[in-house]
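Here the structure is laid out as structure tokens; the discussion comes afterwards.
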Amino acid sequence: RTPGIEVDIVERRGAGELPRGLNLLLNHNGMAALADVDPSLEAALRSIGTDTTGWSARTMTGEVLYDLPDVQTEGLADMPGMIGRWDEVNATLQKACAGRIRFGTAVSGWQYTPEKQLSVSLTELGAGDRSKDHTLEEEYDLLLYRYYCYIIVESRMS
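Per the working numbering, the sequence shown runs over residues 4 to 161.
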């Protein structure tokens, strides 16, 4: 939604296959950054969630690492964060990004070309039939990729 910036979003699951979940915490500074670049999306997210004002952390044994009841008063944030149901946050983001999400598509690789351009391999998944998978190459200026971190966690847990 910012002039001069084009964003593509890929989601390996189909449009109707996104997971339901519990709560998702969107931090204070992240919400403030979103309000700066897309106030309508920030307002839409706030309409489905509950504001959070403080930050706290405890160890598994209950030892308090920090407890700040109001981070705005402490000068650490410009506005409240929020907590919302994962599926409602996801649906709100999908609505805001309508037409920009490539469902059933995965990032399958990336490399820099000799011209220093970022080339990304995108695989359109064949709805469970690997023989129908189709890979294409596209060039981007920036790749933000979140799936790999879950692969690392999953491999360490199994």
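C-beta: ideal position from N, C-alpha, C; glycine also.
Would you report the Cα separation of residue i and residue j, rounded to the nearest angstrom?
| i | j | result |
| --- | --- | --- |
| ILE155 | GLY112 | In this prediction, ILE155 scores a pLDDT of 41, lower than 50, which makes its location untrustworthy; the coordinate-derived value is nonetheless stated afterwards. Whole-angstrom Cα-Cα distance: 16 Å. |
| GLY57 | LYS98 | 29 Å |
| THR53 | ALA47 | 12 Å |
| GLU142 | THR126 | 14 Å |
| GLY65 | MET85 | 24 Å |
| SER124 | ASP90 | 28 Å |
| GLN176 | ASP11 | Residue 176 lies beyond the stretch modelled for the chain, which goes from 4 to 161, so this question has no answer here. |
| GLU157 | ASN26 | With a pLDDT of 42 at GLU157, under the threshold of 50, the modelled position of this residue cannot be trusted; read the value that follows with caution. Distance between the alpha carbons of GLU157 and ASN26: 21 Å. |
| THR55 | ARG61 | 17 Å |
| VAL110 | TYR69 | 38 Å |
| LEU145 | LEU71 | 35 Å |
| GLN114 | LEU121 | 6 Å |
| ASP39 | VAL67 | 33 Å |
When the Cα of residue i is compared with those of the options, which residue comes out closest?
| i | options | result |
| --- | --- | --- |
| ASN93 | GLU9, VAL10, LEU28 and ILE8 | LEU28 |
| GLY129 | VAL123, HIS137 and SER122 | HIS137 |
| LEU3 | THR95, SER122, GLN120 and LEU147 | No answer is possible for residue 3: it lies beyond the span of the chain, which begins at 4 and ends at 161. |
| ARG49 | LEU147, TYR69 and ASN30 | ASN30 |
Between which two residues does the alpha helix (DSSP H) carrying residue i extend?
| i | result |
| --- | --- |
| ASN32 | 31 to 40 |
| ASP90 | 89 to 99 |
How far does the beta strand (DSSP E) with residue i in it extend, from its first residue to its last?
| i | result |
| --- | --- |
| ALA18 | That residue, ALA18, is in no beta strand (DSSP E); it is neither H nor E in DSSP. |
| GLU140 | 137 to 143 |
| ASP70 | 67 to 71 |
| ASP81 | Per DSSP, ASP81 belongs to no beta strand (DSSP E) and is neither H nor E. |
| GLY112 | 108 to 115 |
| LEU146 | LEU146 -> no beta strand (DSSP E), and no H or E assigned at all. |
_Any 3 or more C-beta pairs closer than 8 Å across the region 24 to 38 and the region 77 to 86_ = Contact between the region 24 to 38 and the region 77 to 86 is established, with three or more Cβ pairs separated by less than 8 Å.
*asked:* Quick check: the region 12 to 19 against the region 101 to 119, are at least 3 beta-carbon pairs closer than 8 Å?
replied: yes
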